[in-house]
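Written below as structure tokens is the structure these notes are about.
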Amino acid sequence: MSVIKSAVVLGVLLGAVAYTVWLERKVVGHIQNRWGPTRVGPFGLLQPIAVGLKLFVKEDLTPPYVYKPLYIAAPLIAIIFALTSISMVPFGNDVVVGGYTIPFQITDVNTGLLIILGITSIGVYGVALAGWSSNNKYSLLGGLRASAQMVSYEISLGLSVVGVLIMAGSFSLRTIVDSQAGLFWGFIPRWNIFTGQFVGFFCYLIAAYAETNRIPFDLPEAETELVAGYHTEYSSMKFAMFFMAEYANMITVGCLATLLFFGGWRGPIFGPGILQAIEPVFWFVAKVVVFLFIYIWVRGTLPRFRYDQLMAFGWKVLLPLSLANLIATAIAVAW
Amino acid sequence: MLSVHLVLFLVFGAVALAGAVNLLAQTHPINSALSLIAVMAALAGEYLLLGAEFVAAVQVIVYAGAIMVLFVFVIMLLNAGVEERTKGSRVAILFGIPGMLLGSLLVAWVLLRYSGTGEVAAGALPGAPKTIGPLLFHEFLLPFEITSILILIAIMGAVVLASKPPSSPVPPREGGF
Chain U
1 MSVIKSAVVL GVLLGAVAYT VWLERKVVGH IQNRWGPTRV GPFGLLQPIA
51 VGLKLFVKED LTPPYVYKPL YIAAPLIAII FALTSISMVP FGNDVVVGGY
101 TIPFQITDVN TGLLIILGIT SIGVYGVALA GWSSNNKYSL LGGLRASAQM
151 VSYEISLGLS VVGVLIMAGS FSLRTIVDSQ AGLFWGFIPR WNIFTGQFVG
201 FFCYLIAAYA ETNRIPFDLP EAETELVAGY HTEYSSMKFA MFFMAEYANM
251 ITVGCLATLL FFGGWRGPIF GPGILQAIEP VFWFVAKVVV FLFIYIWVRG
301 TLPRFRYDQL MAFGWKVLLP LSLANLIATA IAVAW
Chain L
336 MLSVHLVLFL VFGAVALAGA VNLLAQTHPI NSALSLIAVM AALAGEYLLL
386 GAEFVAAVQV IVYAGAIMVL FVFVIMLLNA GVEERTKGSR VAILFGIPGM
436 LLGSLLVAWV LLRYSGTGEV AAGALPGAPK TIGPLLFHEF LLPFEITSIL
486 ILIAIMGAVV LASKPPSSPV PPREGGF
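Protein sequences appear in the order of chains U and L. Under our numbering, think of the first position of the first sequence as 1, with each following residue one higher. Under our numbering, think of the first position of the second sequence as 336, with each following residue one higher.
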């Protein structure tokens, strides 16, 4: 049972990764007054498949003078930890089919959120080791930047979600979603973003952008100064693994934002039984897509930070802000 | 009859031991650091099997995910090369390994004989965050706060060491006209 579920979730996730790339190319294209991919399939919809095929059949180069064991292990570490963290994410309510209860989640652990944070914190080794083992100064600089940046912003990321944890009183993602049930005055949903966690969400959003190495915090792969950063020496599928890991991390971060701040799969439920079973998943996916769209929108809009600005912002603005949010939430809950 | 729990416990224990031995055997610092990460991860697995989910998660986040990243960071930054084996290290191997075995056997014997703790079933220890929180903030509040002061002092020490010394004025030229 859980094997089937894992396979389904993994398949959907990889498909989602491919089409997030498509979405990004389309949206960024339109932001820059271009069309984006249009040639392969209608609206360029088959483009991800073509790109995947291309990466798959490309020659796999291993430059001389790399430290081979880690050079090969690094992309594997990146992709494995990026894909594992999705296993804790609940996508919807339990569904009862012919007497069987099917939870829309691979495993429900009562410390689910902590485990996701743990898995993503291990993921940094993929980037760091790729930079070091490539034996290339641009790669090394990218790897160093990535590890410093991710350790710095992880603290703000962790602190920004503690407000939600205090309000829900649990680490279990399912309980956190259940704590956001109901409406204010009959029309505003009681999502955490509307019940005082706005600052928390702001801190989470910024820290998450830095954690996933996205613009405006994509210093580890800043192409104007570092060629391609940590994956300069990678080609073919090894490069694709880093790419997939980055997008899988984006999706995980989007799922977490949805679960923690936007009520997870909660939304208006109506219609006949079969529709009612599907709608929670639909709401969940819709919210994640909105989040991914914001990611891409920011990418198409903001310039890149300078490295000292990035560090100063993380330690001097984001960390105090998330701490203040934590203290304010604690006082409000204790009241 | 071996339960799945016990088998996993032994497997994680073996991984932790193998990682620790590999940590000593490797000559390149980055390999040693990676073995240490494997040890930390295996220990987290052991904690998880004993029912301490919170401690396991913290072990991974703090040790494997943050402290060891800094280790790897420093090794990468200094571009540390392969460690050199000197005469001293041979002496250390000759006397250190038997000494360490003896010492750990002694500690294990004393703990088993005199600490008065019996066997603990897997998952019997309080491990949920809800039980650890009150323990930390009621019964062990003083040690907890003292530890945080200790860490604060360590941070201040690191800042003092890392900050640049006040630039000394240019030494006056001796002699001359």
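Using N, Cα and C, we set each Cβ at its ideal position, and we do this for glycine too.
Residue closest to residue i, alpha-carbon to alpha-carbon, out of the options
i, options, result
"Ser170 (chain U)", "U:Ala146, U:Tyr138, U:Gly112", "U:Gly112"
"Val8 (chain U)", "U:Ile106, U:Leu46, U:Ala18", "U:Ile106"
"Ser370 (chain L)", "U:Leu70, U:Phe262, U:Val66", "U:Leu70"
"Glu418 (chain L)", "L:Leu487, L:Val426, L:Thr362, L:Met491", "L:Thr362"
"Leu14 (chain U)", "U:Ala73, U:Val57, U:Ile80", "U:Ile80"
"Ser85 (chain U)", "U:Asn249, U:Pro189, U:Leu219, U:Tyr100", "U:Asn249"
"Arg214 (chain U)", "U:Phe239, U:Ser236, U:Lys238, U:Phe243", "U:Phe243"
"Gly263 (chain U)", "U:Pro103, U:Ser6, U:Phe91, U:Leu23", "U:Phe91"
"Gly182 (chain U)", "U:Leu173, U:Phe194, U:Ser172", "U:Phe194"
"Val95 (chain U)", "U:Pro103, U:Met88, U:Thr62", "U:Pro103"
"Lys137 (chain U)", "U:Val177, U:Leu226, U:Leu310, U:Gly158", "U:Leu226"
"Gly380 (chain L)", "L:Val346, L:Asn366, L:Gly492, L:Arg448", "L:Val346"
"Val409 (chain L)", "L:Glu480, L:Met435, L:Ala368, L:Arg420", "L:Ala368"
"Ala210 (chain U)", "U:Gly267, U:Arg145, U:Val164", "U:Arg145"
"Ile166 (chain U)", "U:Leu260, U:Val57, U:Tyr295", "U:Leu260"
"Thr329 (chain U)", "U:Thr252, U:Gly200, U:Tyr65", "U:Gly200"
"Asp218 (chain U)", "U:Pro303, U:Thr38, U:Tyr204", "U:Pro303"
"Gly163 (chain U)", "U:Trp315, U:Ser121, U:Phe202", "U:Phe202"
"Met237 (chain U)", "U:Pro37, U:Gly143, U:Thr62, U:Trp283", "U:Thr62"
"Val317 (chain U)", "U:Ala130, U:Leu157, U:Ser235", "U:Leu157"
"Tyr65 (chain U)", "U:Gly44, U:Trp132, U:Ser160", "U:Trp132"
"Arg425 (chain L)", "L:Ala360, L:Leu447, L:Leu343", "L:Ala360"
"Gln197 (chain U)", "U:Phe56, U:Val21, U:Ala332", "U:Ala332"
Host beta strand (DSSP E) of residue i (start-end)
i, result
"Phe104 (chain U)", "100 to 104"
Status (buried if at least 16 other CB within 10 Å, exposed otherwise) for residue i
i, result
"Ala82 (chain U)", "buried"
"Pro48 (chain U)", "buried"
"Ala376 (chain L)", "buried"
"Ile116 (chain U)", "buried"
"Gln394 (chain L)", "buried"
"Ser338 (chain L)", "exposed"
"Met336 (chain L)", "Annotation note: pLDDT 49 at Met336 (chain L) (below 50); position unreliable, coordinate value reported separately. Answer is exposed; the Cβ neighbour count stays below 16."
"Trp185 (chain U)", "exposed"
"Leu292 (chain U)", "buried"
"Lys26 (chain U)", "buried"
"Phe43 (chain U)", "exposed"
"Val109 (chain U)", "buried"
"Thr101 (chain U)", "exposed"
Residue i in three-state terms, based on DSSP
i, result
"Phe184 (chain U)", "strand"
"Asp94 (chain U)", "strand"
"Pro75 (chain U)", "helix"
"Pro189 (chain U)", "strand"
"Phe262 (chain U)", "coil"
"Asp218 (chain U)", "coil"
"Gly126 (chain U)", "helix"
"Ser134 (chain U)", "coil"
"Ser121 (chain U)", "helix"
"Gln309 (chain U)", "helix"
"Asn213 (chain U)", "coil"
"Val345 (chain U)", "This structure gives no information on residue 345 (chain U), because the portion of chain U shown stretches from 1 to 335."
"Pro303 (chain U)", "coil"
"Asn249 (chain U)", "helix"
"Pro63 (chain U)", "coil"
"Lys499 (chain L)", "coil"
"Lys58 (chain U)", "coil"
"Gly196 (chain U)", "coil"
"Met336 (chain L)", "Residue placement at Met336 (chain L) is flagged as unreliable, the pLDDT there being 49, under the threshold of 50; the coordinate-derived value follows with that caveat. Reduced to three states, the DSSP call for Met336 (chain L) is coil."
"Ala463 (chain L)", "coil"
"Phe475 (chain L)", "coil"
"Val51 (chain U)", "helix"
"Gly468 (chain L)", "helix"
"Gly314 (chain U)", "helix"
Range covered by the alpha helix (DSSP H) that runs through residue i
i, result
"His231 (chain U)", "Premise fails: His231 (chain U) is in no alpha helix (DSSP H) and is neither H nor E."
"Gly271 (chain U)", "Note, Gly271 (chain U): premise wrong, no alpha helix (DSSP H); not H, not E."
"Arg145 (chain U)", "137 to 168"
"Ala427 (chain L)", "422 to 449"
"Gly41 (chain U)", "Premise fails: Gly41 (chain U) is in no alpha helix (DSSP H) and is neither H nor E."
"Ala18 (chain U)", "2 to 31"
"Ile86 (chain U)", "That residue, Ile86 (chain U), is in no alpha helix (DSSP H); it is neither H nor E in DSSP."
"Ser172 (chain U)", "That residue, Ser172 (chain U), is in no alpha helix (DSSP H); it is neither H nor E in DSSP."
"Ser322 (chain U)", "319 to 334"
"Glu223 (chain U)", "223 to 226"
Runs of alpha helix (DSSP H) lying entirely within the stretch 353 to 409 of chain L, each at least 4 residues, in chain order: Segments of the alpha helix (DSSP H) lying fully in the stretch 353 to 409 of chain L: 364 to 384, 388 to 393.
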